[in-house]
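Novice: I'd like to ask you about the structure that follows.
Residue numbers (the numbering used here): 108 to 386.
Next comes the structure, spelled out in C-alpha cells:
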C-alpha cells in the first residue's frame, strides 16, 4: 500500500493523536458512573468515538458524513465537561476534519478504478441550513436519550420522536454535501454533483479548449451552486448539454437543461486538481 504524501501525513498525524487523546481523556465518562445518566452518557460517548474511528479507517463519502456528524459533538461534549485538554484535542480534530485534504482523502477511498476525486466547495446558500438541521437532528436525539435516562420522560420521548422523524430525511440530505466532487479520469473530467445537477456531467479531454481560474462569477454557466470566491472556468470547443437539478433550476430561474460553452466549478483544492487533470 502506498503511503499518503508528506503533506497529508503532516495533517493526519496531529488529528489522529488528538483523537486518541480524546479516548484517553474520555470527557463523556463520569469517574463514578453512579447514575443512569452517567452510564448512558458514557455509552453514547464511546459509541460515537468508535463509529468515527471505524469511519476514518474505512474511508468513503459515507465515512466523511459520519465524521462530520461526530466531530462537532466531541467539541460540545468536552466543553460541557469543562475539560480544557479534551476541548483542545476536540478542536484539533474538528480543524483536521474541516480541511480540504482530509475530505479528498475520504472520498477517494470509494473511487472506482483509475479516477481521482476532488471535493467541491459547499455552496453558500446551503451552509446555514445544513448546520441548523444537523444541530436539530443530533441535538434532539442526544437530549432525548439523556432526558429519558434522567427520568424526564415527557421531554425525552418528545425529543426522541423528533429525532427519529428527522432521521428519515436529514442524514440523507446532509450526505449529498459529501457526495460532490470533480473527477479526473483518463477520458476527461466528470462533475459528480447531484445537489446542483440532475445527472453526472462528463467532458471529454479533447473537448476542453481552455481552463482558467476566476475570482468570482462571470459569464460562464455557474455549476458551483453559489460558492464565494475562486472557481475554475472550463471552456469547451463546442456546446455540451448539462441537466440541472430541480432546486438549482428553480433558484437560477432557468430551464432544467442547458447547452453550455463555458461552465464554472469550484473544487476545494484548485491547484491539486489542475496538476492532476493536466488539461
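C-beta atoms are modelled at their ideal positions from N, C-alpha and C, and glycine is treated no differently.
Could you check whether residue 121 and residue 226 sit closer than 8 Å to each other, using their CB atoms as the reference points?
Specialist: Contact flag unset, no.
Novice: Measuring CB atoms only, is the region 212 to 230 touching the region 280 to 291, in the sense that at least three cross pairs come out at less than 8 Å?
Specialist: At 8 Å Cβ cutoff, the stretches touch.
Novice: Should residue 347 and residue 315 be called a contact, given that it needs their Cβ atoms to be closer than 8 Å?
Specialist: Not a contact, by the Cβ cut-off of 8 Å.
Novice: Give, in chain order, every unbroken run of the beta strand (DSSP E) that is at least 3 residues long and sits entirely within the region 112 to 142.
Specialist: Correct list: empty.
Novice: The alpha helix (DSSP H) spanning residue 381 covers which residue range?
Specialist: 377 to 384 is the extent of the alpha helix (DSSP H) around residue 381.
Novice: Does the region 263 to 281 come within contact of the region 155 to 163, defined as at least 3 CB pairs closer than 8 Å?
Specialist: The region 263 to 281 is not in contact with the region 155 to 163.
Novice: Which residue comes first and which comes last in the beta strand (DSSP E) that contains residue 247?
Specialist: Premise fails: residue 247 lies in the alpha helix (DSSP H), 231 to 256, not in any beta strand (DSSP E).
Novice: When the Cα atoms are used, what is the spatial distance from residue 353 to residue 231?
Specialist: Distance between the alpha carbons of residue 353 and residue 231 is about 18 Å.
Novice: Does the region 199 to 211 come close enough to the region 351 to 370 that 3 or more CB-CB pairs lie under 8 Å?
Specialist: No, because fewer than three Cβ pairs between the region 351 to 370 and the region 199 to 211 fall closer than 8 Å, the two stretches do not touch.
Novice: Starting from the Cα of residue 129, find the closest Cα among 236, 386, 168, 191 and give me that residue.
Specialist: Residue 191 is the option with its Cα nearest to residue 129.
Novice: Have a look at residue 240 and residue 305 and give me their C-alpha separation to the nearest angstrom.
Specialist: One C-alpha to the other measures close to 23 Å.
Novice: For residue 257, collect the residues of the same chain with a Cβ closer than 6 Å to its Cβ; drop the 5 residues on either side in sequence, then sort them by chain order.
Specialist: 144.
Novice: Pick helix, strand or coil for residue 190, following the three-state DSSP scheme.
Specialist: Coil, per DSSP.
Novice: Report yes if the CB atom of residue 284 is closer than 8 Å to the CB atom of residue 237, and no otherwise.
Specialist: Contact: yes.
Novice: What beta strand (DSSP E) runs, 3 residues minimum, are completely inside the region 322 to 381?
Specialist: Listed in chain order, the complete beta strand (DSSP E) runs (minimum 3 residues) inside the region 322 to 381 are 338 to 350, 364 to 372.
Novice: Going by DSSP, what residues sit across from residue 304 in a beta bridge?
Specialist: Looking at the DSSP assignment, residue 304 forms a beta bridge with 351.
Novice: Between which two residues does the beta strand (DSSP E) harbouring residue 275 extend?
Specialist: No beta strand (DSSP E) contains residue 275, which DSSP labels as neither H nor E.
Novice: Tell whether a beta-carbon distance below 8 Å holds between residue 261 and residue 193.
Specialist: Not closer than 8 Å, so no.
Novice: Throw me the rounded Cβ distance for the residue 182 and residue 252 pair, which I believe falls under 8 Å.
Specialist: Actually they are not in contact, since the Cβ atoms of residue 182 and residue 252 sit about 19 Å apart, beyond 8 Å.
Novice: Kindly indicate which residue of 149, 222, 177, 165 has the alpha-carbon position closest to the one of residue 383.
Specialist: Nearest option by C-alpha distance: 222.
Novice: Can you tell me where the beta strand (DSSP E) holding residue 291 begins and where it ends?
Specialist: Taken as a continuous stretch (DSSP letters only), the beta strand (DSSP E) holding residue 291 covers 287 to 292.
Novice: Considering only the alpha carbon of each residue, which of 197, 263, 229 lies closest to residue 124?
Specialist: For the residues 197, 263, 229, the minimum Cα distance to residue 124 belongs to 197.
Novice: Go ahead and pull the three-state DSSP assignment for residue 311.
Specialist: Residue 311 falls in the strand class under three-state DSSP.
Novice: Rounded to a whole number of angstroms, what is the C-alpha to C-alpha distance between residue 380 and residue 294?
Specialist: Near 15 Å, if we compare the C-alpha coordinates of residue 294 and residue 380.
Novice: Which residues in the same chain as residue 184 place their Cβ atom closer than 7 Å to its Cβ, once the five residues preceding and following it in sequence are excluded?
Specialist: The residues are 134, 135, 152.
Novice: Can you have a look at residue 332 and say buried or exposed, based on whether 16 or more other CB atoms are within 10 angstroms of its CB?
Specialist: By the 10 Å Cβ count, residue 332 comes out buried.
Novice: Which residue comes first and which comes last in the beta strand (DSSP E) that contains residue 224?
Specialist: From DSSP, the beta strand (DSSP E) with residue 224 extends over 223 to 226.
Novice: If you draw a straight line from the alpha carbon of residue 319 to that of residue 162, how long is it in whole angstroms?
Specialist: Going by the C-alpha atoms only, they are around 36 Å apart.
Novice: Over the uninterrupted alpha helix (DSSP H) stretch that includes residue 218, give me the two end residues.
Specialist: No alpha helix (DSSP H) holds residue 218; DSSP gives it neither H nor E.
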